[in-house]
Each structure stands twice: as C-alpha cells, then as structure tokens.
Amino acid sequence: MGNFPILSFITFLPIVGMIIILCLPKNQTLVMKSITLVITGIQVILAGFLLYHYNYGMGGINNPATFQYIEKFRWIEISGFSWIGKIKIDYFLGIDGLSIPMVLLTAIISFVATLASWKIDKAVKGYFALYLLLVTGMMGVFVALDFFLFYVFWELMLLPMYFLIGIWGGPRREYAAIKFFLYTLLGSVFILLVVIGLYFSTMETMIDGTKVFTFNMLSMMDTHNFVATGILSPMNPHNLRFIAYIALFIGFAIKIPMFPFHTWLPDAHVEAPTAISVILAGVLLKMGTYGILRVCYPVFPDITQKMIWWIAAFGMINIIYGALCAMAQKDFKRLIAYSSISHMGYVMLGMASLNSIGISGAVLQMFNHGTITAMLFIIVGIIYDRAHTREIDAFGGLATQMPIYTGFTTLAFFAAIGLPGLSGFISETFVFLGGFAFETIRVITVISTLGILLGAGYMLWTLQRIYLGTVPEKWKVLKDLDFREYAMLVPLSIIIIFLGVYPSSMLNLMNSSVNAMVKFMMDSKALYGSITGF
Amino acid sequence: MNINYLLNSLYLIKPEIAISATLVLLVLMDLIMGSNKKLLPYIAIAGLIAASYFSVEQFGMSSLAFVSKANKGMIVTDPFGAFFKGIVVFASFFVIYFSIKSDEIKASFERHGEYYTLIFGMILGMFFMISASDLILIYLSLELVSLSSYVLAGFTKTSQRNSEASLKYVIYGGVSSGIMLFGISILYGITGSTNLYEINSLIQTSSIPNLTFILSGILIFVGIGYKISAVPFHFWTPDVYEGAPITITAFLSVASKAAGFALLIRFIKITFIKSVDSAGYWQLVDIIDWKTFFIFLSIITMTLGNFAALWQDNMKRMLAYSSIAHAGYLLLGMAVLSNQGMIAIIIYFMVYAFMNLGAFFVVMLIANKIGTEDIDDYKGLGYSQPFLGVCLGIFLVSLTGLPPTAGFIGKLYIFIALVDAKMITLAVIALLNSVVSLYYYIRVLRNLFLTRPENGTFEFKVSFSNGLVLVLLAAPVIIFGLYFTPLINIAKSSIQILGF
C-alpha cells in the first residue's frame, strides 16, 4: 500500500471532477453526469480498498497511534509571536472504527445519489459541480482529525447544499433553503466558538520540547495537554466546560436534528430534489451524531457523564415525537422525513448507554439508517417522478400496478420497522439492549421501545394506503422500475439484507474503537475526578 | 533649524512626497494636455507605484520626522504606518482602474483632471492621518481627506442623489470635525502640548482633571468615529455610499476606513498607554475607560449595521450598512486592547480590501450595463452572467465570513483575540451578528441564482481586462482562505508602532 495518500484522494477527487465539469461546455450534460458517476464510483472502490486493508484490531478514538491511513502535514505554521507562542494547524486525516462506517456510507450514498440525479435537466453543469463539492465536504468531515480542518469541511457543505435545495428544489425551495442555511450556520458558529476556546486550552508538546497551542482533536482528549489557566481546562476552577459542551452539543444537535431544533428538516426534505434528500438523510444527519461521538464524548468525558440522562431523554423525545408526527403526515416525503427524526433518536439513545453494545448499536444504526432512509427517499422519488404527486391518499393498490417496485418498498419499510433478518432490527435491538443495561437511562429506554410500535404503525398504515387496495383509474398508466432505478435500489437492498443476516461484518469493524471509547469514558471518570479534585 | 534637520525629515516622508509630486503633476498635465485626458490615470498609477515602493521601504524603518527639542516628532514612520499606507495604495490602484472603466466617471470626461487630483488629495490626507503623531497634523489631515471627498462624492453633478450625498457629507463632516477640534483644544488646554508623545508622558506623571480629560477624549473620538462610520456617527454613510459614484464609494469604504482605524489605533496607543505586558495586553492610563467604551461602541455598531442592512433594496446602500457592521467587528479588535487584537484588525483589513473592492467592482460593472443597483433587478443575473455572479458570490460569502474564504480568517482572528481576552459574551454577540448578516448577503445570491430573470436577460460581455481584475480580487479571497500564512506574517511584521 505504501504511502499513497488514499484519504486525501478519496476526499479531494470530487474537487477534481468539479473542476473538469466547470471546464466543459454547457451542453455536454451526459459527459458531466458520467464524470460524476465515475468519480463517485472510484470513491466506492477506494472505500472498499480502505475496508480491505483495514486493521480490525486498532482502536483509534483518542490514541493517534491506533488510527489508520494517517496523513499529517503542517498546513499553517507561524513562529515567533512572543505573546501567544507559535501558531500551527495540521492537515491531519485518519480513520478509526468510528469513521470507517461513515466513509463507506458516504461513498455508497454519493454513488447512489448520482444515479438519482440522472434526470436533472436544469442547469446541469452547476448541479453536478455543486454536488461534487458537497461530496468533498461530507467525506472531509469524516476523515479530518484536526478540529480546524473539520470545521472547514463542516462549513464547506453549507453553500452547495443551499444552492442544491434552492435552485433545483420544489415550489417552496427558497424558504426551505434559507431555513436550512440559517439553522446550520447558527449551529456552526457555536461550534466555532468552542473550537477557539479549546485551542486556547490545549497545548501540544513538540519534538523540541516547546509547547504550542493546537487544534488537534486527539491532543484535546489528553488531559496532560490542558493549560492550567485555559477557559476550557478541567483544572481551571472557573472553567466554562459545561457551557462549551452545551454549545457544541447544540451545534451538532441541529444537524441530527434533535428536537426542538428539527424544524428545518421536514421543509428541506420536502423541497429538495430526490438525490439531495438521499444525501441529506443518508449522510448529512449522521454528521451530527458523528460529531458528538468524535468530539463531545472524548473531549468532554466529564460533562458527557453528567449529561447522559439528557441525551437519552432527547433521544426518546425524538423517537416518540418523530413517530407521532410521521403518523399525521399526508405527504409521503414528509412522512419519511419525520421517520428520519424518529430513527435518529435511536442513535442518541444508543450513544447515551455508554457501553459497548449500546454504542455499537448507535454507530450501526447510523449506517443502517443511512442506507434504509436513502432507499425510502428513492422510493418516494420514483413515485413522484411518475405521478407528480406525493399525496398518500391519492394512491392505492400500487402493488398490482408496480409489483417489483412494491417489493423493494416493502423491504425498505420492514427494514425501517426493524423486522428480524433486516439490518434495522440488529441496530435497534443493540440500542435497546445497551440502554437497558445502563441503570440511569433504563426507564427512558423502556419508554422508547414504544417507538417501535409507533414505527410499525405508521409504516404499515402507509404501506396499506399506497400499495394495497385497488388502483385508481388514473394510476393504471404507471410503469414499473427501469434499469436506473434497479441500479439504485438493488445495491442498497443487498446491504440491508446482508447486514441483517451477517451484522458482525460491520460490528467487527467498529468493535475495537467502540471498546476503546467505552474504556476511555470509564477511565476518564476517575481521571477527571482527580484533576478537578485538587 | 538647519538644512540637515529638514533633509533628515524629508527622507522619512518619501511616500507623502511622491503623492504630492504626482498631485502637482496631475494638475500641470491637466492644463498642458487640454482635451486629451486619457493619460491622466496612467500618471496617477505611476505615482502610486512610486508611493508603494517608498511605503514598502518603511517596513524596515522606525523613526520620527520633524522632531521637536524634546525629541518628540510630528510624523512617525514605522511598520504599522507602512502597512496601512500599503492598504491605501492598494485600494487606490483598483479605484483608479475602476475609474477608467466606470461609465459614471466617463460621463464627466472634461473634468478628469480635477477627479484624479482630488483622489490624490485624499490619498495624501490619508497618508498623514496614518502617520501623524501631533493633534494639529491629525486635524489637518482629516480635513484634507474630508474636503477632497466632499467634492468627489458629488463629482458627477448629473444626478440629484449625487449632490444630496455631497451636501449631507459636508454637513455631517463639518459638525464632527468641529467637535473634534473642540476636543483637541481642550486637550491642549489641559496638557499644554499637541504632541501625542508629550501628552502621554505628561498624563503618566502628573495628575490632571479627570472629567475634562474624558470629555476631550470623547470629543476627539467623534472625529475619528465619523471617519470609520461607527454608530452613532454613521448617519452619513448610507446616503453618501448610495449617492456617490461607485468608485468613490469603494474608495471610502476601504481606504478611508483603513486610515481612520490607523489613526484610532495610533491615537489610543500612543496617548494613553502605560505599558504592554508580556501577553501583549495594553495597560492604559486609567483616566478614560476605553475598553468599556469600545465594547459598547462595537456592539451597537455591528448590531445596527447588520439589522439595518436587512431592509435595504439598493446594493450600495446594503453594502454601506454592511461596512458599518464590519466597522463594528473591527472595533471588537480595538476593544480587547491588545497586540492580538491589533493583529486581528490588520488581517481583517487585508481581507476586507479584497472582498469589498471586489463587491463594489461587480456592482459597478453591472450598473454600467443595466444602469441600476437595485437588488431586485439582479434577478436571474447569475444565469446570463455566471462569471460575475460567481465572483459576487465569492465576495459576499467572504463578507459573511464562511470558510473556505478569507473573510472567515479575518473573523476567526477577531474571535481568537476575543476568546484570548476571555470576552466570551462579546464573541457570542459577534457570532450571532454574523448569522444575521448571512441573511442579507444571501438574499443577493438568491436573486442571482435562485430566481429566473423577469424581463429579458442581461446580454453583455465582461471584457478581458475587467475579468482579469476581477480574478485578481476573487482568487486571493479563496487562496488566503485556505492558506493564510502570508496574511499573518504580514500582520506580524506590521504591528510595531513606534514608541512601544
């Protein structure tokens, strides 16, 4: 494998594609689509390569030595400020068991969403250029280990997303786009403030023994690196760690989206074109939970321990509230959007359990929700393409009209409900097992199981209203799937069934990291107690 | 006074001499050449090249010109001044180029001589503002800038809003400089000196009447606050920015503001400082609580600027309020009263020069063709003019302060300075402000890209040279956003103010 910078390659390849597309003449739309497909295809291959050479035994989380595919260069270095010491920012990439499922997910979803974008016919050049920029931003977030770099990638997605919803979206696209932008920007300014605060609280020891302020996330997790007087240092009696944690958590929670910051999601989903909904639900929402696991947990283990009940409680609210809202929807896409909110609640509940089984369940649920919801949005897109409406009550009996399509739909619906044998079952079970094992959140977990019931309720009811019964006369013209749609649905179905039958393939991948995380959280209890003690 | 004394001092004000010589040359050439005025801008550019050469030279210098018997000078040459002169010259280059291309300015072709002469009058005034360390010189330079810009704001004389802008500018300017002069006279009355260094050593050693001193300090600030358009001295800004020719608006928003900030920093730092501690914080003579003053000033300035900008329909007016908001962010850098904050201000100005000049240039190019600056008339422009649209997009995103643009770096350093000074609440207010600002900047982008043109498309071509200049302004905004080492290195070498 040598020193090939595979992570940089997988991250910045879309930028190359974007530049090529920008250089092409306007009418070469097929070439542009093909380039995007090839590039996202290469990303899938590279992700497969990462998986193939991945060392399952290395944990990562807080130990730089056990991260894999590390790339570390000095990006910005300024010496000789007498009053604040050197400034340095690293270009620092690496993956562990937490990020590799997300990298795989991003690659797969980007590829599938490219196929879903095939029918875009308005300003094709701009669409695919922005789309590739978005892919770079997403991939970058999952591989960056320097907080500054992480933030740059995090913000890089905002603008393409705004335009992709705002230009190619539905009738209320402008409203939805600006709402999405303002919400997420509000979240990310909080993150920025915490980034700066952490920067001034952490000093890394260089090879020559000098101490330097750092944006390195992994250094922020080591208590030895804290500066005694830093505003976010645990040893500073007047530290603002609690406030910073809340700010950071809200910054990430807006992306999840956690109740009560969820209102942008239904709007964005309903107005966004199918492919962008797929990306939004498949990858973007995971950034919120990934950020919490990557940053909030290991950098603020002391506060996390205190907040566990609240994280679980908000997870529960998400599960129940999302499900109840989904039940009340008349628009098929809006229903799926609310079901997303409900399913992301499971991730939060799993994270809150602080044991291996629960956190594994959470990470697995992130992956599974990514694939299942992507499939659901594609299913909505397919019917909307044909019928130009998403009104649930307008349909009926599609099972006889489009049997194969209905087959795939049923698979996705049952995966979302959590039918044994499909991927959703495993992750939800793990989440509940984990939650139940942890006394603090046991009651919450018990209440949350209600979500499964509600989930089954709205999913089956929707299935009944759209696919069963008799076909209205005007839908007798609807055709079944074409080749492109097969190409989108088949790979996702295979993943869903495969992970339902053989979940350990994915669980083994994250096992070491999850164990490392749990151990770190447990050890830090005593560690932070002794630091703040004196 | 011997000739050596004069020569030694003249040697230190070479940039100012270059500008004055060009000014004289412009007047002469205007007379000699008669109707052929095409050459004038090129003479101006040649003069600017000379001035920029001499300004860069001053990066290595650190001395006083026209020193008194007590060895306190009137003019300071130091890296700090050199940097701000550099910003002024940089802005002037672009403004002269814009003037060549501007239809508004072309319309009054026969008065080109006056136009460039007045611009050089402004530059000269700004240079002295940046390097003055004597109250009399500060006042004179401020007046020189103001008088030239009054005329320039109403230069085209063709439209009513032009003359209105000019008149408003004169009235506000006259009042605030009058107030400033009053403050100066009080300060002179208390201390018996007009030299900032002498005043400094005096207030450190002897006791002086507090209330009178505070009054004089605040009154002097009125004059400076008016130049940097800090609230509540900002009332002229939207009207003048909207009414003046775009070239002059661009010049006022970058160069005039830079000179104003240079003056502010030098005035505060030289007059009131006791010492700079090892962490880079300024210990001021505690007569006037400048810290609280700047905190409140910056909060109201950025908040008012941002919220007022939300309701604007005219692009120039919107950018005027946005420039008030940016003055607020810059004042945050003052409020920390530290070298860290000064670095942030300097970095911010480098970035601000690119993005603001760029934004005004695009507005000018569009106004040249479609004859309007109304934001609603930009609908669908991004489709027929993708290049202009994307460039304007880059500038506006940078003004919002989103990565990966240089605007983010500028803001980042302001916030770094604030967090380092443990002024978290202020940082939160500023961050929330930048979320508000997104709304009005993105509104322009929405009109450019999200809506289809209502009446016809915009059929015109951007010429090669205009495109090149636009790229020269837009590319650094992205490049410095990703690799900002050069910005910080420049800032680092520019913070040295003579005396401390």
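Just so you know, the protein sequences line up as chains R and U, in that order.
Our numbering applies: residue 16 is where the first sequence begins, and numbers increase by one.
Our numbering applies: residue 521 is where the second sequence begins, and numbers increase by one.
Beta carbons: idealized from backbone N, C-alpha and C, even for Gly.
Treat the numbers as computed from the prediction; the structure is a model and nothing was measured.
ask   = Does the beta carbon of residue 421 of chain R sit closer than 8 angstroms to a beta carbon anywhere in chain U?
value = Position 406 of the first sequence holds residue 421 of chain R. No - not a single Cβ of chain U is within 8 angstroms of the one on residue 421 of chain R.
ask   = Of the residues that make up the region 197-230 of chain R, which ones have a beta carbon closer than 8 angstroms to any beta carbon in chain U?
value = 197, 200, 201, 204, 205, 207, 208, 211, 212, 214, 215
inquiry  = Would residue 468 of chain R pass as an interface residue toward chain U - the criterion being a Cβ-Cβ separation below 8 angstroms?
reply    = Along the first sequence, one-based indexing puts residue 468 of chain R at 453. No, no contact with chain U.
query = With 8 angstroms set as the bound, which would you pick, yes or no: does the beta-carbon of residue 901 of chain U sit closer than that to a beta-carbon of chain R?
reply = In the second sequence, the residue the question calls residue 901 of chain U occupies position 381. Output row for residue 901 of chain U: interface = no.
task = Check whether the Cβ of residue 544 of chain R lies closer than 8 angstroms to any Cβ atom in chain U.
result = Here residue 544 of chain R is taken as the residue at index 529 of the first sequence, counted from 1. Taking Cβ atoms only, chain U never reaches closer than 8 angstroms to residue 544 of chain R, which makes this a no.
message = In whole angstroms, give me the CA-to-CA distance for residue 210 of chain R and residue 356 of chain R.
response = Taking the first sequence and counting its residues from 1, one reaches residue 210 of chain R at position 195. Taking the first sequence and counting its residues from 1, one reaches residue 356 of chain R at position 341. Going by the C-alpha atoms only, they are around 27 angstroms apart.
inquiry  = Cutting at 7 angstroms between CB atoms, please list the residues of its own chain near residue 529 of chain U, excluding the five before and the five after it.
reply    = In the second sequence, the residue the question calls residue 529 of chain U occupies position 9. The beta carbon of residue 529 of chain U sits closer than 7 angstroms to the beta carbons of 585, 586 from its chain, once the five residues preceding and following it are set aside; these are given in chain order.
Chain-ordered neighbours of residue 500 of chain R on chain U, where CB pairs are closer than 8 angstroms = As a working note, residue 500 of chain R is residue 485 in the first sequence. Going along chain U, no residue has its Cβ under 8 angstroms from residue 500 of chain R, so there is no contact; the nearest lies around 29 angstroms.
query = Are at least three pairs of beta-carbons, each pair with one atom in the region 586-604 of chain U and one in the region 645-656 of chain U, less than 8 angstroms apart?
reply = yes
request  = Could you name the residues of chain U that residue 166 of chain R contacts, counting a contact when the two beta carbons are closer than 8 angstroms?
outcome  = Within the first sequence, residue 166 of chain R is the residue found at index 151, counting from 1. Result: 923.
inquiry  = Just verifying my parser: in three-state terms, what is the DSSP assignment at residue 324 of chain R?
reply    = The sequence position of residue 324 of chain R within the first sequence is 309, counting from 1. Reduced to three states, the DSSP call for residue 324 of chain R is helix.
task = Going by CA-CA distance only, name the one from U:892, U:897, U:919 that's closest to residue 871 of chain U.
result = Counted from its first residue, the second sequence places residue 871 of chain U at position 351. Per the Cα distances, U:919.
query = Is the CB of residue 959 of chain U under 8 angstroms away from at least one CB in chain R?
reply = Working through the second sequence from its first residue, we reach residue 959 of chain U at position 439. Closer than 8 angstroms: yes.
inquiry  = Report the start-end ranges of each alpha helix (DSSP H) in the region 233-288 of chain R that is 4 residues or longer and not cut off at the edges.
reply    = 256-270, 279-286
request  = Provide the residue span of the alpha helix (DSSP H) that contains residue 940 of chain U, from first to last.
outcome  = As a working note, residue 940 of chain U is residue 420 in the second sequence. From DSSP, the alpha helix (DSSP H) with residue 940 of chain U extends over 926-940.
ask   = Whose C-alpha, out of U:915, U:827, U:969, is nearest the C-alpha of residue 950 of chain U?
value = Your numbering for residue 950 of chain U matches position 430 in the second sequence. Looking at the Cα atoms, U:827 is the closest of the given residues.
ask   = Got a sec: is the Cβ-Cβ distance from residue 522 of chain U to anything in chain R below 8 angstroms?
value = For the purposes of this step, residue 522 of chain U is identified with residue 2 of the second sequence, where counting begins at 1. By this cut-off, residue 522 of chain U is not an interface position.
query = In angstroms, rounded to a whole number, what distance separates the CA positions of residue 886 of chain U and residue 544 of chain U?
reply = For the purposes of this step, residue 886 of chain U is identified with residue 366 of the second sequence, where counting begins at 1. For the purposes of this step, residue 544 of chain U is identified with residue 24 of the second sequence, where counting begins at 1. If I take the Cα positions, the gap works out to 34 angstroms.
C-beta atoms of residue 112 of chain R and residue 160 of chain R nearer than 8 angstroms = Residue mapping note: residue 112 of chain R aligns to position 97 of the first sequence, counting from 1. Residue mapping note: residue 160 of chain R aligns to position 145 of the first sequence, counting from 1. Not a contact, by the Cβ cut-off of 8 angstroms.
ask   = Alpha carbon to alpha carbon, what distance is there between residue 710 of chain U and residue 728 of chain U?
value = The residue given as residue 728 of chain U occupies position 208 in the second sequence. The residue given as residue 710 of chain U occupies position 190 in the second sequence. Near 7 angstroms, if we compare the C-alpha coordinates of residue 710 of chain U and residue 728 of chain U.
task = Run the CB neighbour count on residue 171 of chain R, radius 10 Å, all protein chains shown included, and call it buried at 16 or more, exposed below.
result = Looking up residue 171 of chain R in the first sequence gives position 156. That one is buried.
Residue 221 of chain R - DSSP class collapsed to helix/strand/coil = In the first sequence, residue 221 of chain R corresponds to position 206, counting from 1. When DSSP states are grouped into helix, strand and coil, residue 221 of chain R belongs to the coil group.
key: Alpha-carbon spacing of residue 998 of chain U relative to residue 29 of chain R, whole angstroms   = Numbered from its first residue, the second sequence carries residue 998 of chain U at position 478. Numbered from its first residue, the first sequence carries residue 29 of chain R at position 14. Residue 998 of chain U and residue 29 of chain R: Cα-Cα distance of roughly 18 angstroms.
message = Along the chain, where does the beta strand (DSSP E) containing residue 75 of chain R start, and where does it finish?
response = Within the first sequence, numbered from 1, the residue matching residue 75 of chain R stands at position 60. Careful: residue 75 of chain R lies outside any beta strand (DSSP E) and carries neither H nor E.
query = Should residue 185 of chain R be flagged as near chain U, meaning a C-beta pair shorter than 8 angstroms?
reply = The residue you call residue 185 of chain R lines up with position 170 of the first sequence. With 8 angstroms as the cut-off, residue 185 of chain R does not count as an interface residue toward chain U.
ask   = So, using beta-carbon positions, are residue 676 of chain U and residue 758 of chain U closer together than 8 angstroms?
value = Walking along the second sequence from the start, residue 676 of chain U turns up at place 156. Walking along the second sequence from the start, residue 758 of chain U turns up at place 238. It is not a contact, given that the beta carbons lie outside the stated cut-off.
message = Which complete alpha helix (DSSP H) runs does the region 448-516 of chain R hold, if anything under 4 residues is left out?
response = Within the region 448-516 of chain R, the complete alpha helix (DSSP H) runs of at least 4 residues fall at 457-463, 465-482, 498-516.
query = So, do the region 527-542 of chain R and the region 68-78 of chain R have three or more beta carbon pairs nearer to each other than 8 angstroms?
reply = Yes: the two stretches touch, three or more of their Cβ pairs being nearer than 8 angstroms.
message = Can you list, in chain order, the residues of its chain with a C-beta nearer than 7 angstroms to that of residue 16 of chain R? Leave out the 5 residues immediately preceding and following it.
response = On the first sequence, residue 16 of chain R is found 1 positions in, with the first residue counted as 1. Any reading at residue 16 of chain R needs caution, since the residue's pLDDT is 47, under 50, leaving its predicted position unreliable; the model's value is listed next. Within the same chain, residue 16 of chain R has close Cβ partners 68.
query = Considering residue 86 of chain R, what are the terminal residues of the beta strand (DSSP E) in which it resides?
reply = Your numbering for residue 86 of chain R matches position 71 in the first sequence. Here the beta strand (DSSP E) through residue 86 of chain R covers 83-93.
ask   = Buried or exposed: where does residue 756 of chain U fall if 16 or more other Cβ atoms within 10 Å of its Cβ makes it buried?
value = Sequence index remark: in the second sequence, residue 756 of chain U carries index 236 (1-based). Burial call: buried.
ask   = So which residues on chain U does residue 269 of chain R lean against when the C-beta distance must stay under 8 angstroms?
value = Along the first sequence, read from residue 1 onward, the residue named residue 269 of chain R stands at position 254. In chain order: nothing, as chain U lies at least about 12 angstroms away.
task = Starting from the Cα of residue 150 of chain R, find the closest Cα among R:230, R:474, R:257, R:299 and give me that residue.
result = Stepping through the first sequence from its first residue, residue 150 of chain R is reached at position 135. Nearest option by C-alpha distance: R:299.
ask   = DSSP beta-bridge partners for residue 346 of chain R?
value = Taking the first residue of the first sequence as position 1, residue 346 of chain R is located at position 331. Answer is R:406.
task = For residue 549 of chain R, name the three-state secondary structure that DSSP assigns.
result = Translated into positions along the first sequence, residue 549 of chain R becomes position 534. Because the pLDDT at residue 549 of chain R is just 46, under 50, the model does not fix this residue reliably, and the point stays unresolved.
key: Neighbourhood of residue 958 of chain U by C-beta, 6 angstroms cutoff - its chain only, sequence neighbours within 5 removed   = For this step, residue 958 of chain U is matched to residue 438 along the second sequence. Excluding residues within five positions, the ones whose Cβ falls inside 6 angstroms are 920.
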